[in-house]
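Since the structure comes first, as structure tokens, the remarks are kept for the end.
In the numbering used here, the protein residues as written are 8 to 249.
Here it is in structure tokens:
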């Protein structure tokens with residue numbers, strides 16, 4: 008039997024999703040709990056990795072078991088054993104050819120920036136930037152990012168050019184008081200891609216970078232990685248569609 012789970016977590020205390028030697032990771036915690044409940048070593052396969060300090064409201068993973076699960080009871084058991092900063096919110100049965108990563112059609116990431124007074128209670132949940140930004144310029148830059156582009160200059164990933172192409176379906180900005188929410192829906196996102204894009208958007212909002220310079224990074228023939236990267240604390244994996 009193959010099952011798909013949706014999990015939310017605060018990434019502050021973890022070295023990211025993926026298992027790493029001598030590090031506390033979200034995947035390791037999840038696999039430990041599933042293996043204990045199912046009484047056999049159980050590996051999980053996520054929609055993708057989130058970096059250290061990045062949060063999720065809609066991360067997904069699948070796992071296989073020979074057991075037919077009572078999903079309500081199983082979800083309750085999992086959550087009773089998981090650390091208090093993570094929680095499985097839903098589990099559903101899927102076909103054997105389903106894959107949490109390769110079946111994804113789109114992903115949504117949000118980034119939160121506080122431009123008002125420092126909020127110590129949200130220091131790990133919202134980037135405490137505390138400076139005003141030109142929102143109109145940022146919106147202009149967001150429009151330039153929509154569509155299919157080569158994002159090789161917005162990631163630390165080392166692969167061939169064909170694997171740098173991603174499609175951004177939607178890019179928007181909303182405000183909630185002094186907090187700016189920047190949202191992206193795309194076909195996929197590479198390592199540090201969202202944080203590097205947001206880093207550029209902040210520079211544009213400060214007037215230190217132009218929208219034209221951003222566009223040049225999208226078409227630059229020779230690889231020249233952007234020198235800006237927003238902190239992990241403001242980034243959220245919000246939702247995946249299959």
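Idealized CB from N, CA, C, for every residue including glycine.
Item	Value
So the alpha helix (DSSP H) residue 180 belongs to, where does it begin and stop?	That residue, residue 180, is in no alpha helix (DSSP H); its beta strand (DSSP E) goes 172-183.
Are residue 218 and residue 178 touching if we call contact CB-CB under 8 Å?	no
With H, G and I counted as helix, E and B as strand and the rest as coil, what does DSSP make of residue 30?	coil
Counting pairs of beta carbons, one from the stretch 153-164 and one from the stretch 70-90, are three or more of them closer than 8 Å?	no
Return the chain-ordered list of same chain residues with a C-beta closer than 6 Å to the C-beta of residue 30, the five sequence neighbours on each side being excluded.	22
Using only the alpha-carbon positions, how far apart do residue 63 and residue 111 sit?	16 Å
Hey, residue 201 and residue 118: beta-carbon distance below 8 Å or not?	yes
Please name the residue, chosen from 50, 40, 246, that lies closest to residue 9 on a Cα-to-Cα basis.	50
I'd like to know whether the C-beta atoms of residue 240 and residue 77 end up nearer to each other than 8 Å.	no
At the level of alpha carbons, what is the spacing between residue 136 and residue 150?	23 Å
My output table needs one value for residue 65: the three-state DSSP class, helix, strand or coil.	strand
Could you tell me how far apart the beta carbons of residue 67 and residue 24 are, in whole angstroms, since I believe they sit closer than 8 Å?	Contact doesn't hold; Cβ gap of about 11 Å is too wide.
To the nearest angstrom, how far is the alpha carbon of residue 75 from that of residue 45?	11 Å
From 16, 113, 43, 105, pick the residue whose C-alpha is nearest to that of residue 59; which is it?	16
Could you give the distance in angstroms between the alpha-carbon of residue 65 and the alpha-carbon of residue 134?	20 Å
Count the C-beta pairs between the stretch 205-222 and the stretch 139-150 that are closer than 8 Å, then say yes if the count reaches three, no if not.	yes
From residue 116 to residue 12, what distance separates their C-alpha atoms?	18 Å
Quick check on DSSP: helix, strand or coil for residue 91?	coil
Hey, could you find the ends of the alpha helix (DSSP H) residue 202 is sitting in?	200-213
By the 10 Å Cβ neighbour count, where 16 or more other Cβ atoms means buried, how is residue 5 classified, buried or exposed?	Residue numbering for the chain in the displayed model covers 8 to 249; residue 5 lies beyond these limits and cannot be assessed.
Can you check whether the C-beta of residue 103 is within less than 8 Å of a C-beta belonging to chain C?	Included in the structure is just one protein chain, with no chain C present.
Less than 8 Å separating the beta-carbons of residue 89 and residue 36?	yes
Using C-beta distances below 6 Å, list every residue in its chain close to residue 231, excluding the 5 sequence neighbours before and after it, in chain order.	160
Alpha carbon to alpha carbon, how far is residue 237 from residue 189? Give it in angstroms, no decimals.	12 Å
Go through its chain and collect everything with a Cβ distance to residue 155's Cβ below 7 Å, but skip five positions before and after it.	172, 174
Strictly by DSSP, which residues pair up with residue 156?	173
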